[in-house]
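Residue numbers (this note's numbering), protein chains in the order written: chain A, 382 to 948; chain B, 72 to 281; chain C, 7 to 375.
Accompanying notes for the structure given below.
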Amino acid sequence: MAVAASHAGHLEQHDHIHPEPTTFIGKYIFSLDAKVIGIQYMITGLLFFIISGLLAEVVRIQLLRPEGGFVSNDTYNGVYSLHASGMIWMTIIPLMTGGFGNFVMPLMIGARDVAFPWLNLASFWIFPPAGVILFSSFLVGAPDAGWTEYPPVSVQGPPGTSLWCVAIFLIGISSTMTGLNFMVTIIKMRAPGMTFTRMPLFVWAQLATAMLNMVATVALSAALAALFIERTFGVPFYDPGRGGSPVLWQHMFWFYSHPAVYIMILPAFGFISEIFPTFARKPIFGYKMIAFSSIAIALLGFMVWAHHMFTSGMAPWLQLPFMILTMVISVPTGIKIFSWLATLWGGKIEFHAAMLFALGFIVVFTFGGITGIFLSAVPVDLHLHGTYFIPAHIHYVLFGGSIFGLFAAVYYWWPKITGRMMNDTLGAWHFWLTFVSFNATFLPMHWLGIMGMPRRVAQYRPEFQFWNDVCSIASFVLAASTLIFLYNMFTSLTRGKKAPPNPWNARTLEWQISSPPPYYNFKTIPAVLKNPYDFGEPLPYLGLGPSDKEDPHPTKPGGTPPEPAHA
Amino acid sequence: MAVSAINASHEAVHARYEAVDPLYREVRDIRLLGFVLFLVSDVVLFSMFIFAYLYLRNSVPNWPPITKDGMQLPRFDVAFACINSCVLFGSGATMHFAMESWKHLNKAAFNLWMIATIVLGIGFLSGQAYEYQHVPVTWTGSTMGASFFTLTGMHGFHVFVGVIYLITLYVQANRGVYTGSKYFGLTAGTLYWHFVDVIWVALFYLFYLM
Amino acid sequence: MAQVSAPRKLGLGPGFWPVTIAMTVLNLIVTYGIIVFPIDSVLPEAAAPAGDIDALFKFMSVFGNAIFVYVTGYLVYFSIVWRRRSTDPPEAIGIQIHDNNKLEFWWTVVPCILVLMIAIFSVRIWWSLQNQIGDVLTMEAVGHQFKFEFRYPRLKASVYDDMHVPVDTPVTLQVTSSDVIHSFWVPEVRIKADMVPGLVQTLRFTPSKVGTYRIICTEFCGVNHGNMFATLHIDSQQDFGRWLAATSKSQGQSAGAVQLASGQAAAGQQLFGQKCSSCHSIGPFEQKIVGPGLGKLLSDPNHPNLVTGEKPNPVDISHILINGYQGPDNSAGKNAPAIGVMPNRQANALSNQDIANLVAYLTSLSQSK
Numbered sequence: 382m383a384v385a386a387s388h389a390g391h392l393e394q395h396d397h398i399h400p401e402p403t404t405f406i407g408k409y410i411f412s413l414d415a416k417v418i419g420i421q422y423m424i425t426g427l428l429f430f431i432i433s434g435l436l437a438e439v440v441r442i443q444l445l446r447p448e449g450g451f452v453s454n455d456t457y458n459g460v461y462s463l464h465a466s467g468m469i470w471m472t473i474i475p476l477m478t479g480g481f482g483n484f485v486m487p488l489m490i491g492a493r494d495v496a497f498p499w500l501n502l503a504s505f506w507i508f509p510p511a512g513v514i515l516f517s518s519f520l521v522g523a524p525d526a527g528w529t530e531y532p533p534v535s536v537q538g539p540p541g542t543s544l545w546c547v548a549i550f551l552i553g554i555s556s557t558m559t560g561l562n563f564m565v566t567i568i569k570m571r572a573p574g575m576t577f578t579r580m581p582l583f584v585w586a587q588l589a590t591a592m593l594n595m596v597a598t599v600a601l602s603a604a605l606a607a608l609f610i611e612r613t614f615g616v617p618f619y620d621p622g623r624g625g626s627p628v629l630w631q632h633m634f635w636f637y638s639h640p641a642v643y644i645m646i647l648p649a650f651g652f653i654s655e656i657f658p659t660f661a662r663k664p665i666f667g668y669k670m671i672a673f674s675s676i677a678i679a680l681l682g683f684m685v686w687a688h689h690m691f692t693s694g695m696a697p698w699l700q701l702p703f704m705i706l707t708m709v710i711s712v713p714t715g716i717k718i719f720s721w722l723a724t725l726w727g728g729k730i731e732f733h734a735a736m737l738f739a740l741g742f743i744v745v746f747t748f749g750g751i752t753g754i755f756l757s758a759v760p761v762d763l764h765l766h767g768t769y770f771i772p773a774h775i776h777y778v779l780f781g782g783s784i785f786g787l788f789a790a791v792y793y794w795w796p797k798i799t800g801r802m803m804n805d806t807l808g809a810w811h812f813w814l815t816f817v818s819f820n821a822t823f824l825p826m827h828w829l830g831i832m833g834m835p836r837r838v839a840q841y842r843p844e845f846q847f848w849n850d851v852c853s854i855a856s857f858v859l860a861a862s863t864l865i866f867l868y869n870m871f872t873s874l875t876r877g878k879k880a881p882p883n884p885w886n887a888r889t890l891e892w893q894i895s896s897p898p899p900y901y902n903f904k905t906i907p908a909v910l911k912n913p914y915d916f917g918e919p920l921p922y923l924g925l926g927p928s929d930k931e932d933p934h935p936t937k938p939g940g941t942p943p944e945p946a947h948a
Numbered sequence: 072m073a074v075s076a077i078n079a080s081h082e083a084v085h086a087r088y089e090a091v092d093p094l095y096r097e098v099r100d101i102r103l104l105g106f107v108l109f110l111v112s113d114v115v116l117f118s119m120f121i122f123a124y125l126y127l128r129n130s131v132p133n134w135p136p137i138t139k140d141g142m143q144l145p146r147f148d149v150a151f152a153c154i155n156s157c158v159l160f161g162s163g164a165t166m167h168f169a170m171e172s173w174k175h176l177n178k179a180a181f182n183l184w185m186i187a188t189i190v191l192g193i194g195f196l197s198g199q200a201y202e203y204q205h206v207p208v209t210w211t212g213s214t215m216g217a218s219f220f221t222l223t224g225m226h227g228f229h230v231f232v233g234v235i236y237l238i239t240l241y242v243q244a245n246r247g248v249y250t251g252s253k254y255f256g257l258t259a260g261t262l263y264w265h266f267v268d269v270i271w272v273a274l275f276y277l278f279y280l281m
Numbered sequence: 007m008a009q010v011s012a013p014r015k016l017g018l019g020p021g022f023w024p025v026t027i028a029m030t031v032l033n034l035i036v037t038y039g040i041i042v043f044p045i046d047s048v049l050p051e052a053a054a055p056a057g058d059i060d061a062l063f064k065f066m067s068v069f070g071n072a073i074f075v076y077v078t079g080y081l082v083y084f085s086i087v088w089r090r091r092s093t094d095p096p097e098a099i100g101i102q103i104h105d106n107n108k109l110e111f112w113w114t115v116v117p118c119i120l121v122l123m124i125a126i127f128s129v130r131i132w133w134s135l136q137n138q139i140g141d142v143l144t145m146e147a148v149g150h151q152f153k154f155e156f157r158y159p160r161l162k163a164s165v166y167d168d169m170h171v172p173v174d175t176p177v178t179l180q181v182t183s184s185d186v187i188h189s190f191w192v193p194e195v196r197i198k199a200d201m202v203p204g205l206v207q208t209l210r211f212t213p214s215k216v217g218t219y220r221i222i223c224t225e226f227c228g229v230n231h232g233n234m235f236a237t238l239h240i241d242s243q244q245d246f247g248r249w250l251a252a253t254s255k256s257q258g259q260s261a262g263a264v265q266l267a268s269g270q271a272a273a274g275q276q277l278f279g280q281k282c283s284s285c286h287s288i289g290p291f292e293q294k295i296v297g298p299g300l301g302k303l304l305s306d307p308n309h310p311n312l313v314t315g316e317k318p319n320p321v322d323i324s325h326i327l328i329n330g331y332q333g334p335d336n337s338a339g340k341n342a343p344a345i346g347v348m349p350n351r352q353a354n355a356l357s358n359q360d361i362a363n364l365v366a367y368l369t370s371l372s373q374s375k
C-alpha cells in the first residue's frame with residue numbers, strides 16, 4: 382500500500398468536482414459535463430450526417446443519366462459542395478473529437494472532466510448554429526465550387542459562399558478550442574501513475590488529433606477570412622487582375638485541409654486500437670510503435686499539403702519534396718496496420734458488430750491508402766487529378782475509414798453511453814450490407830476516373846453511364862442499410878437490454894464504472910500501475926471498487942457525489 | 072539596492088510563487104499551458120497572413136507593386152512608424168515593471184506602471200489611426216494595401232482587446248482578486264501583451280523595413 | 007484464473023504457411039497479369055509521355071495489389087483461425103504477447119525499402135517529364151467559361167473547340183485562363199495542367215498516334231463545367247499542314263456583312279440545338295440554363311429590351327451573336343450586375359449564314375406564340 386500512500390497526496394488534487402447541476406437546462410442543455418457535451422455533439426453530428434447523406438443521394442440520382450436533369454446545374458453544384466462540407470466539418474470532425482473525444486477520453490485517463498469545461502460548453506454551442514448557417518445557404522444560392530472553393534470561381538460565387546465562409550470559420554473556432562482543451566487535459570490531467578506509455582492508444586490518438594486541430598484549423602480561418610473580405614469588400618488576395626494569386630488560396634486552404642484528413646482518421650485509428658485488443662482478448666501488438674506513429678503522422682501531416690496542388694501551377698521543383706514526404710507517410714500508417722493484424726494473431730476473436738466494422742475498416746482503409754500512394758506519384762497524379770478517381774480515393778478513406786470507424790465506435794461504446802445494449806444481429810446485417818454496397822458504390826469510380834470522367838460534373842459523356850448507374854443503385858442500398866443502424870440505435874434506447882458496466886470485459890478505465898457513468902465519473906480518482914492491455918492479469922488500478930460499478934441513480938440521475946478528499 | 076538585497080527579494084518572490092497550495096498549483100499549471108497554447112494558435116493565425124503577404128510580394132516582379140495605371144506605389148515612410156513602435160515597445164517595458172512590482176508586493180508602483188502601459192497602448196492605437204490616414208495605399212486597391220491593412224488591422228484589434236484586458240486586470244487587482252502569490256490573470260496579461268509586441272516586431276520589419 | 011501459456015516454440019497457427027504461399031502465388035499471377043495488361047488497347051497512349059506514366063502506374067499496381075492481398079488475406083485467415091470457439095470457456099484469452107522486436111524491425115524496414123523503390127521509380131519518371139522535349143511546335147490554349155481557345159503562331163486568329171497537332175512532332179503547349187481556373191487534360195496523353203488566370207503553365211508532349219481524342223476540363227469552373235470539352239486531333243504531318251493552310255485562308259477572308267434577309271428559320275433551329283441549347287432554353291426569359299430563355303425575345307412585356315439595352319430587332323440580335331456579351335442585364339431597362347459570358351461568333355464558330363439563320367429562328371419563335 383506504499384504505492385497508494387505515495388499517491389494519496391496526489392489524488393486529492395484531481396478532485397475538483399464542480400457541483401452537480403439541478404435544473405433540466407443545467408443538466409442537459411448547458412451542461413458543463415464533458416459526457417453530456419459529448420452526447421450533444423453525437424446527436425447533432427448524427428443529424429448533419431443524415432442531411433449530408435441525403436444530399437449525396439441527390440448527387441447519385443442526378444448521375445443516373447448522362448444529361449442529368451434531376452436538378453438544375455446550380456442546385457447540383459450546391460448539393461455536392463454542401464454534401465462534402467457537411468460531412469467533413471459538421472459530421473466527422475465534430476463526432477471524432479467533440480463526440481467521442483469528450484465522452485471517452487476523460488474517462489480513459491481517470492479524469493472527472495476536461496481542463497476547461499466552460500470552453501467545452503462554448504465549443505459545442507457554436508456547432509449547431511454553424512451547421513444551420515451552412516445548410517441555410519441553399520436559401521440564397523448554395524456555394525457551388527466544392528468544399529475546396531477555389532477562387533476566382535468562389536469569389537464570383539453565389540451569396541451562399543459567404544455563408545459557407547462564416548459557417549466554417551465558426552466551426553473552426555469550435556475545433557481549435559476543443560483541440561486546445563484536449564491537449565491540456567491529456568497532458569495535465571491523467572490519473573496518478575498514468576505515464577504517457579500507460580495511456581490507452583485512443584488517448585494517444587486524441588492527443589495527436591488535438592495537436593492538429595489546434596494548430597491547423599487556424600490556418601483555414603485565415604484563408605476563409607481572406608476569401609470573405611475579398612468577396613464582400615473587394616480586398617485583393619486572390620484576384621490575379623490586381624496582383625493577387627488564386628494559387629495562394631490553395632496553399633492556405635490545403636495547409637489546413639491536409640492535416641484535417643488526419644484529424645478525421647487518427648481518432649478512428651484510436652478506435653481500432655481499443656476494439657481489437659478487447660475482442661481478440663490480448664494486448665495490442667506494438668503499443669509503442671502505434672503511439673509514436675500517431676505523433677509521426679500528425680507531424681508529417683503538416684508537410685505534405687501541396688500534393689493536392691501538383692497540377693496547380695506552383696513551381697515544378699516543389700512537386701518533388703511533397704511527393705517524397707507523402708510516400709513516407711505511408712510507412713507509419715503501414716506499421717499500424719501490421720500491428721493490428723498481429724493483434725488478431727493468436728487471439729480469441731469475438732465478432733460483435735464493433736469488431737466487424739473494425740475488421741472491415743482495415744480492408745477498406747488499406748485499399749484507400751494504396752490509391753493514395755498512387756496519387757502521391759506526380760506522374761500518375763497528372764492523369765488522375767480532378768477525375769472521379771479522387772472521390773473514389775476520398776470515400777474509401779473517409780467512409781471506409783472514418784465512418785466505418787465511427788460505426789465501430791458507436792457499437793462499442795453505446796452500452797457505456799446509454800446504459801443499453803444494441804442488437805448484435807442487426808449490427809451484423811448492417812455491417813455486411815454496408816460493406817458490400819459501399820464497395821459496389823465506390824469501386825467503379827476508380828475506373829471512371831482513369832477512363833476520363835472528371836469530377837464535380839452535373840452531366841457526363843454517355844459512355845460512362847453504365848458504371849455511374851451501378852454506383853448510384855449501390856448507393857441507394859448503402860443509404861438503406863444505414864436505416865438498420867438508426868433503427869437499432871433508437872429501439873435499443875427503450876427496448877435494449879440494460880447494459881452491465883463491462884459488457885465486453887475490456888480493461889480501460891471507462892469500463893470499470895457503471896453504464897452510464899455517474900456525472901462525477903469516479904468515486905475516487907484511481908492510481909494506474911500498468912498499461913491496460915494485459916488480459917488474464919488483475920486490473921492495474923488502485924482505488925476502484927465494486928461501488929463504482931453500482932448504478933448511482935436507480936431512480937434519479939446524478940446520485941450522491943463523494944466527499945472530496947481532505948489533506 | 073545592494074545585490075544581496077535584490078537576490079533576497081527575488082528569492083522571496085520565488086518562495087511566494089512556490090508556496091501555494093497544491094490545488095491552486097495544479098490549476099495554475101493547467102491555465103498556463105492553456106494560455107500558452109492559445110498564444111501558439113494566435114501565432115499560427117498571424118503566420119498564415121504573413122505567408123500570404125510574402126507569397127503575394129514574391130509573385131510580382133516589382134515591390135511596391137505597379138498598379139493598373141502604371142504607377143509604382145511608394146514605400147511606406149518609416150519615421151512615424153518608428154516612433155509609434157517605440158511607444159508600443161515602451162508599453163512592453165512598463166508592463167514588465169508592473170508585473171515585477173506586483174511580485175515584489177509594491178501595489179502603488181504596480182498601479183503606476185499599469186496605467187503607463189494602458190496609456191502607451193492607447194497611444195499606439197491612436198498612432199495607428201493616424202498612420203492609416205497617411206499610408207499611400209488603400210485596403211482594396213492593391214495587394215500591398217490588402218496585406219498591410221489586414222495584418223496591421225488584426226494586430227491593432229489584438230492591441231485593442233489587450234487594452235481592455237489590461238484595464239480589467241487593473242480593476243481586478245485593485246479589488247483584491249489577486250494576491251502576492253496567486254496572480255495568474257496578471258501573468259496571462261503580461262504574456263499576451265508581450266506577444267502583441269513580438270508580432271509587431273515582425274510586422275514592422277515586413278512592411279516598413281523589408 | 008485461466009492461463010494460456012505460450013508454448014515454448016510458438017507455431018504460427020494452423021495453415022499459416024500454405025495460406026501465405028497461396029497469397030504469394032496469387033500475387034505472382036496478378037503481377038504477371040499487370041505486366042502484360044495492354045493499357046494501350048483500353049485507353050490509347052497517344053503521345054509520349056503516356057507510356058512512361060503507364061509503366062509507373064503498373065509498377066505501383068504490383069505493389070498495391072501485393073499489399074492489399076496480404077493484408078486482406080491475413081485478416082480473413084486470422085479471423086477464421088483465431089476465432090473464439092463455442093467450446094472455449096468464457097474466461098479464455100488470447101496469447102499475451104506485446105511485441106516482437108525482430109518482426110517489427112522487418113515490417114518497418116521492408117516498407118521503407120518498398121517506398122524507396124516506388125520513390126526512385128517515380129522520381130525517374132518525374133524527371134523525364136521535366137525533360138520532355140517540345141521544341142518544334144509551340145502553341146497556346148486559353149480556358150474560358152466554357153470553351154477552350156487555341157492559338158497557333160502562324161494563325162492570325164484563335165481556333166475554338168478543335169485542337170490540331172501533327173504526329174511525331176514535339177509540342178509545347180502553354181496554358182492559361184481568361185477568367186477562372188480550368189484544367190487542360192487529354193486522358194490519352196495522360197498529362198494535365200491547370201489553366202490559371204494570371205499564370206502560364208507549360209505542357210510538353212510528342213503525339214505518337216494519329217486519331218481524335220478528348221480534351222476535358224478537370225477543374226470546377228462554374229455551372230457548365232460538366233460540358234466543357236474540346237477535341238484533340240492528332241493529324242499526320244501532311245494533314246496538319248493542310249488544316250493549318252485552310253484555316254489560315256478562311257481566317258484571312260473578310261467576314262463581310264451578315265445578310266439577314268437570307269436567314270432560314272429551319273436551319274437556325276438545327277443550329278440552335280447544336281450550339282445554343284446547352285446555355286439557352288426556348289422558354290421565357292426566366293427559364294435560364296446559363297443564359298436567359300430566348301423564346302419570347304421580341305415579345306416579352308417584362309423584358310422590353312435585349313440584355314444590351316437595345317430594342318429587340320433582328321439587327322441588334324445579330325450584334326449579340328457577332329460580339330458576344332458579358333455586360334449587365336439591361337433587358338428590363340435597369341442596370342444590373344453582369345450576367346455571365348456569352349461567347350462571340352468566333353468562339354461559337356458562326357458564319358454569316360449561321361447568324362442569319364439563327365436570327366430568323368429566334369424571330370419565328372417570338373411570333374409563333
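Yeah, the Cβ is synthetic: ideal placement off N, Cα and C, and Gly gets one too.
Residue i (DSSP reduced to helix, strand or coil)
i	result
Q359 of chain C	helix
V115 of chain B	helix
V838 of chain A	coil
Opposing strand residues paired with residue i [DSSP bridges]
i	result
D200 of chain C	C:S189
L544 of chain A	Answer by DSSP bridge pairing: none, since L544 of chain A is not bridged.
8 Å Cβ cutoff, residue i in contact with chain A
i	result
L266 of chain C	no
Nearest residue (CA-CA) to residue i, options the options
i	options	result
K302 of chain C	C:S85, C:S372, C:V171 and C:T78	C:S372
Q421 of chain A	A:E448, A:S466, A:F484 and A:A604	A:F484
H229 of chain B	B:T250, B:F195 and B:Y254	B:F195
G741 of chain A	A:I784, A:G434 and A:R662	A:I784
F847 of chain A	A:F405, A:L444, A:P400 and A:L413	A:L444
G624 of chain A	B:L237, B:F278 and B:T214	B:T214
K663 of chain A	C:E155, C:I101 and C:D167	C:I101
L515 of chain A	A:G553, A:G480 and A:V838	A:G553
Min CB distance residue i to chain B below 8 Å
i	result
L502 of chain A	no
Inset, instruction - Residues of the region 590-622 of chain A with a CB closer than 9 Å to any CB of chain C: list them in chain order, please. - result: Going along the region 590-622 of chain A in chain order, one finds D620, P621 and G622 with a Cβ nearer than 9 Å to chain C.
Inset, instruction - Could you please tell me which residues of the region 90-106 of chain B, in chain order, have their CB closer than 7 Å to any CB of chain A? - result: Going along the region 90-106 of chain B in chain order, one finds P93, L94, E97, D100, I101, L104 and G105 with a Cβ nearer than 7 Å to chain A.
Inset, instruction - For the region 313-338 of chain C, enumerate the residues whose C-beta is nearer than 8 Å to any C-beta of chain A, in chain order. - result: With the criterion set as a beta carbon lying under 8 Å from some beta carbon of chain A, the region 313-338 of chain C has no members that meet it.
Inset, instruction - Report the residues of the region 559-579 of chain A with a CB closer than 9 Å to any CB of chain B, ordered along the chain. - result: Residues of the region 559-579 of chain A with a C-beta atom less than 9 Å from some C-beta of chain B are G560, L561, N562, M564, V565, T566, I568, K569 and M570, listed in chain order.
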